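Working notes, beginning with the structure itself.
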Amino acid sequence: MHRAMLELLYPPACIACAKVLPVRAFFCETCDLAVERLPPARCRTCAEPGDFPRATCPRCLASPPPFARASAPFAHDGPVARAIHRFKYEDHPELAPSLAELLASESQHFLSQAPSLVVALPLHARRFRERKYDQAQLLASALARTTGREAPVGLLARSRETQRQVGLSESERARNVAGAFTASPSVAGREVLLVDDVLTTGSTVRAAASALHQAGVPRVEVLTLARAFSLA
């Protein structure tokens, strides 16, 4: 009854283009046909798409990341990229439950063996005040509810303000986020599932995972909605 009332007031709509739908679904038919899933050939550690020797990309081979494994169901392109942009930059925090449900549905195998403690990759306080919501925390909280996990707020903080990573080279990205995160001592001894919307070069999740390890986390895994193709 509650859902029926909500759908009467707020008809189901495509999360990418906002087209009103006759039945509840993530995407309209046009957008659904254009969704690009991540190919099976990918780095076994960071999920970088590609057919690599020993299933390990050159980046992870040269500098093994501080997280154990990462996964994303979609390529950062087309309707998924549009949905993430609406959620993140166009003031649509209400998309969090749908995006989390989509992420959970498409990541069942990964989640079946993933940690029960979900930690969002946080915004800096000033960016939070500008945006009025932290999209990664909303996504993490909704994913935790959907999968029966816990996602407490405040376990990881962005203690130093950083530039937006868009447009920076890989080395600039790494310098930009180095030492930018601080983890709460209360995470010591717990395995962590680090959640964000998009994984690109992995610089940000590497910095966050390092902070979690310094606080005593023995294992960090990473899950995002989308993965960019970041190696030429």
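Every letter in the sequence shown is one number past the one before it in this note's numbering, and letter 90, counting from 1, is 71. Cβ coordinates follow ideal geometry from the N, Cα and C atoms, glycine included. Bear in mind that the values here come from a model prediction, so they are computed numbers and not experimental data.
Rounded distance between the beta-carbons of residue j and residue i, thought under 8 Å
i	j	result
Phe55	Arg18	6 Å
His57	Ala189	Between Ala189 and His57 the Cβ distance is about 19 Å, and since that is not below 8 Å, they are no contact.
Ala77	Ser52	About 19 Å; that fails the 8 Å criterion.
Ala132	Ala138	Not a contact, Cβ separation roughly 15 Å.
Simplified DSSP state of residue i, which is helix, strand or coil
i	result
Arg139	strand
Ala(-1)	coil
Leu212	coil
Arg23	strand
His(-17)	Low per-residue confidence applies at His(-17): pLDDT is 48, beneath 50, and the placement is therefore not dependable enough to give any value.
Val16	coil
Thr37	coil
Phe91	helix
Glu202	strand
Ala207	strand
Ala56	strand
Val99	strand
Ala(-6)	strand
First and last residue of the uninterrupted beta strand (DSSP E) at residue i
i	result
Leu104	Premise fails: Leu104 is in no beta strand (DSSP E) and is neither H nor E.
His180	In the sequence on display, residue 180 carries Leu and not His. 173 to 180 is the extent of the beta strand (DSSP E) around Leu180.
Ala164	162 to 164
C-alpha gap between residue i and residue j, whole angstroms
i	j	result
Cys38	Pro(-8)	43 Å
Gln195	Ile(-4)	38 Å
Pro60	Cys12	6 Å
Pro74	Arg67	9 Å
Ala95	Leu212	26 Å
Tyr114	Pro30	31 Å
Glu87	Ser93	12 Å
Leu193	Cys24	23 Å
Leu175	Glu10	31 Å
Val179	Glu71	16 Å
Pro46	Cys(-2)	35 Å
Ala81	Thr127	7 Å
Lys0	Ala(-6)	5 Å
Leu98	Leu84	16 Å
Val173	Leu204	11 Å
Val198	Ala164	9 Å
Ala101	Arg63	21 Å
Leu2	Val16	17 Å
Ala161	Phe8	36 Å
Residue burial classification, residue i (beta-carbon count within 10 angstroms, cutoff 16)
i	result
Gln89	exposed
Gly135	exposed
Thr185	buried
Ala36	exposed
Gln110	Contrary to the premise, residue 110 reads as Arg rather than Gln in this sequence. With fewer than 16 Cβ atoms within 10 Å of its Cβ, Arg110 is classed as exposed.
His(-17)	For His(-17), the predicted model reports a pLDDT of 48, less than 50, meaning its position is unreliable and no value from the coordinates is stated.
Asp177	buried
Ser44	exposed
Ser167	exposed
Pro103	buried
Ala236	Past the edges of the chain, shown from -18 to 213, lies residue 236, and the structure says nothing about it.
Leu14	exposed
Gly183	buried
Ala169	exposed
The alpha helix (DSSP H) enclosing residue i, as first and last residue numbers
i	result
Ala51	Not the alpha helix (DSSP H): Ala51 falls in the beta strand (DSSP E), residues 50 to 52.
Ala67	The residue you asked about is not Ala; residue 67 is Arg in the sequence shown. Residues 59 to 70.
Thr128	116 to 128
Ala196	Taken as a continuous stretch (DSSP letters only), Ala196 belongs to no alpha helix (DSSP H), as it is neither H nor E.
Any non-hydrogen atom of the ligand PLP within 6 Å of residue i CB
i	result
Ala53	Looking for the ligand PLP in the displayed structure turns up nothing, as the structure carries no ligands at all.
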